[in-house]
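Trainee:
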Amino acid sequence: MTDPSASSEGGRISGAALLTLLLLCAAQFMLIVDVVVVNVAVPSIRADLGIPDSRLPLVSVSYTLTFGSLLIAFGRAGDLVGRRRLFMIGMTVFTLASLATGLAQTEWQLVISRAGQGVGAAMVSPTALALLTTAFSEGAGRNRALGYWGAVGSGGAIAGQLLGGVITDAVGWRGIFLINVPIGIAALLLARYYLRESRAEQRPALDVRGAVLLTVALALTLLGLTGLAEGRNTAVVAGLVIACIVAFALFFRVERTHPAPLVDVRVVRSGNVAGANVLFAVSAGMLAAALFFTTLYLQVVLDYSPLAVGIAFAPITLLILLISPLAGTLTTRYGPRRVLLVAFGLLIAGLLLMARLPTDGNYFRDALPPLLLIAVGAALSYAPILIAGTTGVPERDQGLASGLLNSAQELGAAIGITVIGAIATAATFGATPEALTAGYRTGLFIAAAIIALSVLLVLRLGRSSTPSTEEAVATEAGEPPDRA
Numbered sequence: 011m012t013d014p015s016a017s018s019e020g021g022r023i024s025g026a027a028l029l030t031l032l033l034l035c036a037a038q039f040m041l042i043v044d045v046v047v048v049n050v051a052v053p054s055i056r057a058d059l060g061i062p063d064s065r066l067p068l069v070s071v072s073y074t075l076t077f078g079s080l081l082i083a084f085g086r087a088g089d090l091v092g093r094r095r096l097f098m099i100g101m102t103v104f105t106l107a108s109l110a111t112g113l114a115q116t117e118w119q120l121v122i123s124r125a126g127q128g129v130g131a132a133m134v135s136p137t138a139l140a141l142l143t144t145a146f147s148e149g150a151g152r153n154r155a156l157g158y159w160g161a162v163g164s165g166g167a168i169a170g171q172l173l174g175g176v177i178t179d180a181v182g183w184r185g186i187f188l189i190n191v192p193i194g195i196a197a198l199l200l201a202r203y204y205l206r207e208s209r210a211e212q213r214p215a216l217d218v219r220g221a222v223l224l225t226v227a228l229a230l231t232l233l234g235l236t237g238l239a240e241g242r243n244t245a246v247v248a249g250l251v252i253a254c255i256v257a258f259a260l261f262f263r264v265e266r267t268h269p270a271p272l273v274d275v276r277v278v279r280s281g282n283v284a285g286a287n288v289l290f291a292v293s294a295g296m297l298a299a300a301l302f303f304t305t306l307y308l309q310v311v312l313d314y315s316p317l318a319v320g321i322a323f324a325p326i327t328l329l330i331l332l333i334s335p336l337a338g339t340l341t342t343r344y345g346p347r348r349v350l351l352v353a354f355g356l357l358i359a360g361l362l363l364m365a366r367l368p369t370d371g372n373y374f375r376d377a378l379p380p381l382l383l384i385a386v387g388a389a390l391s392y393a394p395i396l397i398a399g400t401t402g403v404p405e406r407d408q409g410l411a412s413g414l415l416n417s418a419q420e421l422g423a424a425i426g427i428t429v430i431g432a433i434a435t436a437a438t439f440g441a442t443p444e445a446l447t448a449g450y451r452t453g454l455f456i457a458a459a460i461i462a463l464s465v466l467l468v469l470r471l472g473r474s475s476t477p478s479t480e481e482a483v484a485t486e487a488g489e490p491p492d493r494a
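Those letters in the sequence shown? Residues 11 to 494, per this note's numbering, in order.
(1) Suppose the cutoff is 6 Å on Cβ atoms and the five residues either side in sequence are ignored; what does the same chain contact list for tyrosine 314 look like?
(2) How about methionine 133 and glycine 100: are their beta carbons less than 8 Å apart?
(3) Give a single yes or no on whether valine 246 has its beta carbon closer than 7 Å to a heavy atom of the ligand NAD.
(4) DSSP three-state label for valine 292, please.
(5) If we call anything under 8 Å between Cβ atoms a contact, is arginine 93 one with arginine 209?
(6) Using CA coordinates, which residue listed in Tyr73, Val52 and Ser72 is at the minimum distance from aspartate 63?
(7) Report all residues from its chain with a CB closer than 6 Å to the CB of leucine 297; omit the five preceding and five following residues, and keep chain order.
(8) Step through the CB atoms of chain C and report whether any lies within less than 8 Å of the CB of glutamate 117.
(9) So, with DSSP's three-state summary, where would you put phenylalanine 84?
(10) Return the CA-CA distance between alanine 197 and serine 135, expressed in angstroms with no decimal places.
(11) Within 10 angstroms of the Cβ of leucine 33, are there 16 or more other Cβ atoms? Answer buried if so, exposed if not.
(12) In three-state terms, what does DSSP make of valine 483?
(13) Look at the Cβ atom of alanine 83, then the Cβ atom of alanine 253, and state whether they are nearer than 8 Å.
(14) For proline 65, does the count of other Cβ atoms within 10 angstroms reach 16, so buried, or fall short, so exposed?
(15) Start and end of the alpha helix (DSSP H) containing glycine 440?
(16) Please classify glycine 25 as buried or exposed, where buried requires at least 16 other C-beta atoms within 10 Å of its C-beta.
(17) Got a sec? Which residues, its chain only, sit under 6 Å from methionine 364 by beta carbon, not counting five neighbours each side?
(18) Under 8 Å: do the stretch 396-412 and the stretch 143-156 share three or more Cβ pairs, one atom per stretch?
(19) Let me know if valine 255 comes out buried or exposed under the rule of 16 or more other beta-carbons within 10 Å of its beta-carbon.
(20) Contact between the stretch 351-365 and the stretch 405-425: three or more CB pairs below 8 Å?
(21) Quick check on DSSP: helix, strand or coil for leucine 367?
(22) Suppose you measure from the CA of phenylalanine 104 to the CA of glycine 194; what does that come to, to the nearest Å?
(23) Suppose contacts are defined by Cβ-Cβ distances below 8 Å. Is threonine 305 in contact with alanine 169 by that definition?
(24) Just to confirm the assignment: which complete alpha helix (DSSP H) runs, minimum length 4, are found wholly within the stretch 352-405?
(25) For proline 236, which residues in the same chain have their Cβ closer than 6 Å to its Cβ, ignoring the five residues on either side in sequence?
(26) On the DSSP letters alone, give me the boundaries of the alpha helix (DSSP H) that glutamate 265 sits inside.
(27) When we look at the beta-carbon of arginine 473 and count the other beta-carbons within 10 Å, is it buried (16 or more) or exposed?
(28) Among the candidates Leu224, Arg206, Leu96 and Arg124, whose CA atom is the shortest distance from the CA of alanine 107?
(29) Please say whether leucine 260 and leucine 230 have beta carbons closer to each other than 8 Å?
(30) Quick check: the Cα distance between glutamine 127 and phenylalanine 77, rounded to an integer number of angstroms?
(31) Excluding sequence positions up to five away, which residues of its chain have a Cβ less than 7 Å from the Cβ of isoleucine 433?
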């Protein structure tokens, strides 16, 4: 095994450090793509396995539910038992579950296998980010690495739309899952040689009760949001909300008295961790809502096929992959606050421009320009948020910090689509293209307003009582911290 930190001095990434970064980013890209890649293949899956429309959402929900609800628990577990070890266990689980999903012959085989993929993904994602942040020392090297991580995180979700359509058309829906198998095997082989084990020096027993309660609470939250978005029975959704509140209340009660709590309040309050998590949830939620409405607009109003929608998003994916790596370097030079102000400004401009979409619109004239603004804003926002949320956190807690950020992203996306979707639905009067477009406009305008409000939180970055991310980054870059 190699130590990549020695190869990333001064922000340059080469040798073993580059291979480590490529391995971790490839793993994360695969996990993020799997969240959305199935959407395009749903019609083929329905026809092949005879799944009724009422249960089709389970194909997606079974993955996102286990993935989103277990991130924090497995992130903390990685700190205690070893991040490399848990990464490899998770990759094994994900690869085997992908094989089972691709070979599924019945509806429930598919759903259970997808849930298994989510469990494996929840092990891999936070430990991969923690392995990255512990492999690269704070400063220019880590910031640049997080820029590349941001590229796969923000670009993967959009790339999944295109990949899903291309693979399904070429080899059928099973191919979107089976392609993970050789990638997973390659990742496991490379991990043995290029990932350095890291864990907390002091390793108290895992807070099992806290982990179970938080997992249940997050699962109930995601189930409630999914049920609300799909228009499920109000009583069922209300029951899920009540159960969620009870589970969170029990979790906080356990955490207050546990000698080694799952979520250490000290970590949440340090530096900009809390603010970064809120900003991640907001930006992920509003971006998810924007992409959701854009997809609906292209399919329902402009009558695009699913594959055509994927192709329409291709320029956006390319732009994100090209610009995101620069965000880490820009954050080293200017600090998270300034980069985020520019990023959020571009997001607001893109959303407001998108909110003017006409019913008889044209993709190149009306949809592509605002999408490009949104893409650049998203590309610039990912890395500084990750940097703010992990800088200043002790190495022993990097798994927890990574789990919190990943969970904030997943919950933010679910909340964004649900809440903004509900607002858009309430503003839609009828099923005509004109009425639907009016609803989409309202949702996009509200999303822009929420991003604008979150700028107030961006301005507070670096003003906590503990050494701030802004100061740490500026010091590492050899510049005085920005006190403005």
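For every residue, glycine included, the Cβ atom is placed at its ideal position computed from N, Cα and C.
Mentor: Based on what the coordinates show:
(1) If the five residues before and after tyrosine 314 are omitted, its C-beta is found closer than 6 Å to the C-beta atoms of Leu308, all from its own chain and listed in chain order.
(2) Inclusion of methionine 133 and glycine 100 in the CB contact set at 8 Å is warranted, their separation being smaller than that value.
(3) Ligands are entirely absent from the displayed structure, and the ligand NAD is therefore not among its contents.
(4) In the structure shown, valine 292 sits in a helix (DSSP, three-state: H, G or I).
(5) Yes.
(6) Comparing Cα positions, the closest option is Val52.
(7) Same-chain partners within the cutoff: Ala388.
(8) Although the question refers to chain C, the structure presented lacks it and comprises just one protein chain.
(9) Collapsing the DSSP output to three states places phenylalanine 84 in a helix.
(10) Spanning the two alpha carbons is a distance of roughly 13 Å.
(11) A residue is called buried when at least 16 other Cβ atoms come within 10 angstroms of its Cβ; leucine 33 meets this threshold and is buried.
(12) Interpretation of valine 483 is limited by its pLDDT of 42, a score under 50 that renders its predicted location unreliable; the figure taken from the coordinates is listed afterwards. Valine 483 falls in the helix class under three-state DSSP.
(13) Alanine 253 sits away from alanine 83, with the two beta carbons spaced by 8 Å or more.
(14) With the sequence shown as reference, residue 65 is identified as arginine, and proline is not the correct amino acid for it. Burial is judged here by how many other beta carbons sit within 10 angstroms of a residue's own beta carbon; arginine 65 has fewer than 16 and is exposed.
(15) Neither: glycine 440 is in no alpha helix (DSSP H) and is coded neither H nor E.
(16) It counts as exposed.
(17) Result list for methionine 364: Pro380 and Leu454, in chain order.
(18) Three or more pairs of CB atoms, one per stretch, sit closer than 8 Å, so the stretch 396-412 contacts the stretch 143-156.
(19) First, the residue type needs correcting, since residue 255 is isoleucine and not valine in the sequence shown. It counts as exposed.
(20) Segments in contact, no.
(21) It is coil, neither helix nor strand.
(22) Straight-line spacing of the CA atoms in phenylalanine 104 and glycine 194 works out to 8 Å.
(23) No, the pair does not count as a contact, with Cβ atoms beyond the cut-off.
(24) If we require 4 residues or more, the alpha helix (DSSP H) runs fully inside the stretch 352-405 come out as 378-400.
(25) Note that residue 236 is threonine in the sequence shown here, rather than proline. Only Val71 meet the Cβ criterion.
(26) Boundaries of the alpha helix (DSSP H) around glutamate 265: 244-267.
(27) The predicted position of arginine 473 is uncertain, since its pLDDT is 49 and thus under 50; a value taken from the coordinates is nonetheless stated next. When all chains shown are included, arginine 473 counts as exposed.
(28) When only C-alpha atoms are compared, the closest one is Arg124.
(29) Not closer than 8 Å, so no.
(30) Roughly 8 Å separates the two Cα atoms.
(31) Cβ neighbours of isoleucine 433 beyond the five flanking positions: Thr452, Gly453 and Ile456.
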